[in-house]
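Before any comments, here is the structure.
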Amino acid sequence: MNIVFSNFIKQLCQVVFVILFLGLANSSFATEQDNPQLGLEKVTNAAFARIKLEQQSIEANPEHLRTIIEQELMPHIDHKFAAFKVLGKQFKSVSKQQIPEYVEQFRLYLISNFAVALANYGGQELIFEPVKEAKNTKSMTIKSIIRGAGRPDISIHFKLRKNSKTQEWKTYDLVAEGISLLSSKQTEFASLIRQQGIQAVIDVMKSKNSEPLELAKNN
């Protein structure tokens, strides 16, 4: 069960990175206020060209993936909101002094997972459901599936929220085959916090963040 779940999360991370990188990293995304999905889909071809363009740099130095994610992707992900959602009820047990370090390590943790996802990306096709308008709403779910040759389709729901001040849409959670990325991390971290405290969670993320990035073979 652990191996299956681990593989499932890896597939989820692949989808998270690819779709967000392809769509949200483009500045035109913020202009699609009534329908952020349009902006996401519009830039797919251009973003693939960017990934291909930098393949030599990535192959020479896999850590370059982290730089790409840091500069292009993270400004468009609501990592703070996601970090607090993961804490859930455990937030009350965390000292205020430890919150900044936790949030920063969570941000780096996302970067690490996205980097692994891109390193293992195998060219799967992303198919969205018909576009729905997002007028007069502060949150929305974009539904899609990921399709790869010889693999079963995976249902993916992207949860987005609109910043009331900037009016920008940002993604904060992904639900794959009914499993929420945030909920799964909340369950994992909640137990660790209860038993060992928030520092144990921070240390787990630090360990993950310090792992060298390796490119997948035979993509």
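Going by the working numbering, the sequence shown opens with residue 3, and the numbers climb by one from there. The C-beta atom is built at its ideal place from N, Cα and C for all residues, glycine as well. Just so you know, these numbers come straight off a predicted model, no measurement behind them.
Best match in the options for proximity to residue i [C-alpha to C-alpha]
i, options, result
"isoleucine 204", "Thr168, Gln100, Ala117", "Gln100"
"arginine 163", "Thr139, Ala151, Ser185, Ile156", "Thr139"
"asparagine 37", "Pro132, Ser186, Gly180", "Pro132"
"glycine 180", "Val96, Ala202, His159", "His159"
"asparagine 165", "Ser146, Met142, Leu128", "Met142"
"phenylalanine 83", "Asp175, Gln198, Leu194, Ser212", "Asp175"
"glycine 199", "Pro64, Leu89, Ile148, Glu106", "Leu89"
"lysine 145", "Ser157, Lys137, His66", "Ser157"
"leucine 215", "Gln39, Glu61, Phe191, Ser97", "Glu61"
"leucine 194", "Met207, Gln57, Leu183", "Met207"
"glutamine 242", "Gln58, Asp80, Gly152", "Because the chain spans 3 through 221 in this model, residue 242 falls outside it and cannot be assessed."
"phenylalanine 191", "Ser59, Gln57, Ser95", "Ser95"
"asparagine 115", "Arg68, Gln57, Phe86", "Arg68"
"serine 185", "Gln39, Glu56, Ala85, Ile113", "Ala85"
"glycine 152", "Glu127, Thr173, Val118, Asn63", "Glu127"
"threonine 173", "Ala119, Ser212, Glu213, Leu112", "Leu112"
C-alpha gap between residue i and residue j, whole angstroms
i, j, result
"proline 77", "proline 154", "32 Å"
"glycine 150", "leucine 75", "24 Å"
"isoleucine 70", "tyrosine 104", "22 Å"
"leucine 110", "proline 102", "12 Å"
"phenylalanine 130", "lysine 210", "31 Å"
"valine 177", "lysine 91", "21 Å"
"valine 45", "leucine 217", "Any reading at valine 45 must be qualified, since the residue scores a pLDDT of 43, below 50, and its modelled position is unreliable; no value is offered."
"isoleucine 148", "serine 182", "16 Å"
"alanine 202", "glutamine 107", "12 Å"
"lysine 87", "serine 97", "16 Å"
"leucine 55", "lysine 137", "36 Å"
"glutamine 39", "alanine 117", "23 Å"
Simplified DSSP state of residue i, which is helix, strand or coil
i, result
"arginine 149", "strand"
"serine 182", "strand"
"serine 141", "strand"
"valine 96", "coil"
"lysine 167", "coil"
"leucine 215", "coil"
"glutamate 72", "helix"
"glutamate 131", "coil"
"aspartate 205", "helix"
"threonine 46", "With a pLDDT of only 47 at threonine 46, under 50, the local geometry of the prediction cannot be trusted, and the value read off the model is given with reservation. Helix."
"glycine 199", "coil"
Outcome for residue i when other beta-carbon atoms lying within 10 angstroms are tallied against a minimum of 16
i, result
"lysine 161", "buried"
"arginine 196", "exposed"
"lysine 167", "exposed"
"threonine 189", "exposed"
"glutamine 73", "exposed"
"lysine 187", "buried"
"glutamine 58", "exposed"
Per DSSP, the bridge partner or partners of residue i
i, result
"leucine 194", "For leucine 194, which the question treats as bridged, DSSP gives no partner whatsoever."
"valine 177", "His159, Ser182"
"lysine 187", "Bridge partners of lysine 187: none, in fact."
"lysine 82", "The partner list for lysine 82 (beta bridge, DSSP) is empty, contrary to what the question assumes."
"lysine 172", "Arg163"
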